[in-house]
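Structure record follows, encoded as structure tokens.
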Amino acid sequence: DTGVSQDPRHKITKRGQNVTFRCDPISEHNRLYWYRQTLGQGPEFLTYFQNEAQLEKSRLLSDRFSAERPKGSFSTLEIQRTEQGDSAMYLCASSLFPEETQYFGPGTRLLVL
Amino acid sequence: AQTVTQSQPEMSVQEAETVTLSCTYDTSENNYYLFWYKQPPSRQMILVIRQEAYKQQNATENRFSVNFQKAAKSFSLKISDSQLGDTAMYFCAFMKRDSGNTPLVFGKGTRLSVIA
Numbered sequence: 006d007t008g009v010s011q012d013p014r015h016k017i018t019k020r021g022q023n024v025t026f027r028c029d030p031i032s033e034h035n036r037l038y039w040y041r042q043t044l045g046q047g048p049e050f051l052t053y054f055q056n057e058a059q060l061e062k063s064r065l066l067s068d069r070f071s072a073e074r075p076k077g078s079f080s081t082l083e084i085q086r087t088e089q090g091d092s093a094m095y096l097c098a099s100s101l102f103p104e105e106t107q108y109f110g111p112g113t114r115l116l117v118l
Numbered sequence: 430a431q432t433v434t435q436s437q438p439e440m441s442v443q444e445a446e447t448v449t450l451s452c453t454y455d456t457s458e459n460n461y462y463l464f465w466y467k468q469p470p471s472r473q474m475i476l477v478i479r480q481e482a483y484k485q486q487n488a489t490e491n492r493f494s495v496n497f498q499k500a501a502k503s504f505s506l507k508i509s510d511s512q513l514g515d516t517a518m519y520f521c522a523f524m525k526r527d528s529g530n531t532p533l534v535f536g537k538g539t540r541l542s543v544i545a
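Protein chains in written order, with this note's numbering: chain A, 6 to 118; chain B, 430 to 545.
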């Protein structure tokens with residue numbers, strides 16, 4: 006069991022550019038979550054999937070954000086037309102529903118200049 | 430909506446001593462889970478301990494234990510025999526159990542420093 010992995014670990018981009026992050030959950034985990042964590046804050050929920058179905062999106066997830074989990078395995082989170090306010094750590098977690106424990110990846114730290 | 434409050438932004442403890450981190454939450458739900466997660470510097474978040482709301486017995490994991498007071502909506506974490514490796518951000522989190530385990534709601538965290 007290799008744990009949750011995320012790629013890239015760090016991303017620096019210029020305002021207005023698009024970025025895409027990838028998350029590979031623990032094998033056979035059916036649920037995958039995306040959270041955003043800004044400096045000095047706890048993680049905030051963005052969206053989650055059960056298998057390939059996106060079950061819920063937070064109001065934090067503006068129209069510039071889109072997430073997919075096309076085959077129920079890995080997931081991608083894309084941010085279009087990045088803004089400086091998008092600078093944050095983006096965390097992915099997975100779980101084997103109905104078990105409740107979520108396992109987190111190392112995160113992707115985004116800096117928008 | 431549920432909220433989680435951690436009123437201690439920073440704490441410090443001497444190695445081998447005991448420290449208690451506070452957490453309160455607000456919910457109208459009756460069936461839920463509570464968690465403590467640890468996030469070491471530049472490392473990923475890991476689960477420390479979890480508590481099911483319908484269980485009256487406080488959860489314990491080695492040196493970590495909780496004091497769960499459901500009526501008071503309080504969920505504190507006690508770390509005994511503190512070790513240098515316990516230095517980290519600690520987050521309290523809530524999950525509603527009905528309707529299929531909702532996403533986690535986190536507090537703002539407590540930064541714990543263990544001093545040699």
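Ideal Cβ positions, reconstructed from N, Cα and C, are used throughout, including at glycine. Only a predicted model underlies this, so the values are computations on that prediction, with no experimental measurement involved.
Please return the same chain residues whose Cβ sits closer than 8 Å to the Cβ of residue i, not counting the five positions on each side in sequence.
{"i": "B:Ser551", "result": "No answer is possible for residue 551 of chain B: it lies beyond the span of chain B, which begins at 430 and ends at 545."}
Contact criterion: CB-CB distance below 8 Å. Does residue i meet it with respect to chain B?
{"i": "A:Glu57", "result": "no"}
{"i": "A:Pro111", "result": "yes"}
{"i": "A:Gly77", "result": "no"}
{"i": "A:Thr7", "result": "no"}
{"i": "A:Glu105", "result": "yes"}
{"i": "A:Phe54", "result": "no"}
{"i": "A:Gly47", "result": "yes"}
{"i": "A:Tyr38", "result": "yes"}
Leaving out the 5 sequence neighbours to the left and right, which residues in its chain are closer than 6 Å to residue i when beta-carbon positions are compared?
{"i": "A:Leu66", "result": "Leu51 and Thr52"}
{"i": "A:Ser76", "result": "One detail in the question is off: residue 76 of chain A reads as Lys in this sequence, not Ser. If we look at A:Lys76 and ignore the five residues flanking it on each side, it has no Cβ neighbours."}
{"i": "B:Val534", "result": "Gln431, Val433 and Phe523"}
{"i": "B:Glu490", "result": "Ile478"}
With distances taken between CB atoms, is the gap from residue i to residue j smaller than 8 Å?
{"i": "B:Leu541", "j": "B:Thr516", "result": "yes"}
{"i": "A:Gln59", "j": "B:Lys537", "result": "no"}
{"i": "A:Arg36", "j": "A:Ser100", "result": "yes"}
{"i": "A:Tyr95", "j": "A:Leu118", "result": "no"}
{"i": "A:Arg20", "j": "A:Glu88", "result": "yes"}
{"i": "B:Ser511", "j": "B:Thr449", "result": "no"}
{"i": "A:Gly110", "j": "A:Ala98", "result": "yes"}
{"i": "A:Arg64", "j": "A:Arg86", "result": "no"}
Nearest chain A C-beta to residue i closer than 8 Å, yes or no?
{"i": "B:Pro532", "result": "yes"}
{"i": "B:Lys537", "result": "yes"}
{"i": "B:Leu476", "result": "yes"}
{"i": "B:Met440", "result": "no"}
{"i": "B:Gln486", "result": "no"}
{"i": "B:Gln473", "result": "yes"}
{"i": "B:Phe504", "result": "no"}
If you compare alpha carbons, which of the options is closest to residue i?
{"i": "A:Thr25", "options": "A:His15, A:Val117 and A:Thr81", "result": "A:Thr81"}
{"i": "B:Ser551", "options": "B:Thr531, B:Ala545 and B:Ser503", "result": "Residue 551 of chain B falls outside the range modelled here, since chain B spans only 430 to 545, and no answer is possible."}
{"i": "A:Phe79", "options": "A:Gln42, A:Ile17 and A:Gln55", "result": "A:Gln55"}
{"i": "B:Thr432", "options": "B:Val543, B:Phe520 and B:Gly529", "result": "B:Phe520"}
{"i": "B:Asn459", "options": "B:Phe535, B:Thr531 and B:Lys499", "result": "B:Lys499"}
{"i": "B:Tyr483", "options": "B:Phe535, B:Asn491 and B:Leu463", "result": "B:Leu463"}
{"i": "B:Thr434", "options": "B:Leu450, B:Met524, B:Val448 and B:Tyr454", "result": "B:Tyr454"}
{"i": "B:Glu481", "options": "B:Arg472, B:Asn496 and B:Ser471", "result": "B:Asn496"}
{"i": "A:Thr106", "options": "A:Lys16, A:Asp12, A:Ser10 and A:Ile31", "result": "A:Ile31"}
{"i": "A:Arg27", "options": "A:Arg74, A:Gln85, A:Asp12 and A:Arg69", "result": "A:Asp12"}
{"i": "A:Glu73", "options": "A:Trp39, A:Gly8, A:Gly112 and A:Asn23", "result": "A:Trp39"}
By Cβ distance, which residues of its chain are closer than 7 Å to residue i, with the 5 residues on each side in sequence left out?
{"i": "B:Ala545", "result": "Glu444 and Leu513"}
{"i": "A:Leu44", "result": "none"}
Original post:
Can you list the beta strand (DSSP E) stretches of 3 or more residues lying completely in the stretch 464 to 489 of chain B, in chain order?
Top reply: 475 to 481
Subject >> beta strand (DSSP E) segments (min. 3 residues) lying fully within the stretch 42 to 70 of chain A >> reply: 49 to 55 and 58 to 62
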